[in-house]
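To start, the structure itself, in structure tokens.
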Amino acid sequence: MGKRLFIAVDLSPEARLLSAAFAKELQERFPASSVRWERPEKHHITLKFLGSVPETEIPGVRQAIKNVGEITQPFEVTLQGTGIFPDVKRPRVIWLGVSDGNHELAKIVKNLASALSTLSFPEEKRAFHPHCTIGRIKHSGDARRVAEHVASSKFGPVTWTVEEIMLYESILSPNGSIYRPVDRVSLLDAI
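Numbering (my numbering), first residue to last: 1025 to 1215.
In structure tokens form, the structure reads like this:
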């Protein structure tokens, strides 16, 4: 039996406080909405979702992340703006955007894909769009009204220095998923 794993960049404490406040404001504005809000401690920027990984492959995943960390300098990321996936007419995910640091994040994603290519992970077909998910739309109800409000909302900017890459396990439970850190890899010269 494998572990559900993903690779991510954590938000800074300040960014997490602001993302939590923004999500809380939306929850209060739409108290009976059809949105399942992510708990603030789960706010992050996903670099790669790996899915179920056999225990025997986890050391290889950890090494791949370490290899990428060794060639990546710390860099600044700015969380700013809001959006909806796939779009306002068919809302599924409410997110906060990345306005600075996109190039660096995309380079990490590319390097991870290369480092993981010797393992059994399929290549990502979708273009990388760095974001922080703060809510998931459960069913239509008032989803479009919520989505339209989110799309016209302002968030940020909040900037921080990314100094590490995280490997998380996503543990599914009846009350939603729980993220457990499996490994943290410091970026070059960030030790």
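Heads up, the beta-carbon is just placed ideally off N, CA and C, and yes, glycines get one too.
Residue i classed as buried or exposed, judged by whether at least 16 other C-beta atoms fall within 10 angstroms
i, result
"K1027", "buried"
"I1095", "exposed"
"H1155", "buried"
"T1080", "exposed"
"A1222", "Residue 1222 lies beyond the residue range present for the chain, which begins at 1025 and ends at 1215; the question has no answer from this structure."
"E1187", "buried"
"T1142", "exposed"
"A1151", "exposed"
Sheet register partners of residue i (DSSP bridge)
i, result
"D1207", "L1191"
"D1166", "Looking at the DSSP assignment, D1166 forms no beta bridge with any residue, so it has no partner."
"K1072", "I1031"
Cut-off 8 Å between Cβ atoms - residues of its own chain near residue i, not counting five sequence neighbours on either side
i, result
"L1136", "I1031, L1071, K1072, A1088, I1089 and V1092"
"D1166", "F1054, A1056, S1057 and S1058"
"P1098", "T1185, V1186, E1187, L1211, L1212, D1213 and A1214"
"A1175", "T1106, G1107, I1108 and V1112"
Separation of residue j from residue i, as counted between CA atoms
i, j, result
"R1168", "D1111", "10 Å"
"I1158", "I1189", "20 Å"
"P1037", "A1044", "10 Å"
"A1171", "W1061", "13 Å"
"D1207", "K1162", "31 Å"
"I1108", "S1123", "15 Å"
Same chain, Cβ closer than 7 Å to residue i, neighbours up to 5 away in sequence not counted
i, result
"G1075", "R1028"
Close-in-space but distant-in-sequence residues of the same chain around residue i (CB under 6 Å, 5 per side omitted)
i, result
"E1052", "none"
Contact the segment 1056-1070 vs the segment 1083-1100: 3+ CB pairs below 8 Å: no
At least 3 beta-carbon pairs within less than 8 Å: the segment 1124-1142 vs the segment 1190-1197: no
At least 3 beta-carbon pairs within less than 8 Å: the segment 1179-1192 vs the segment 1100-1108: yes
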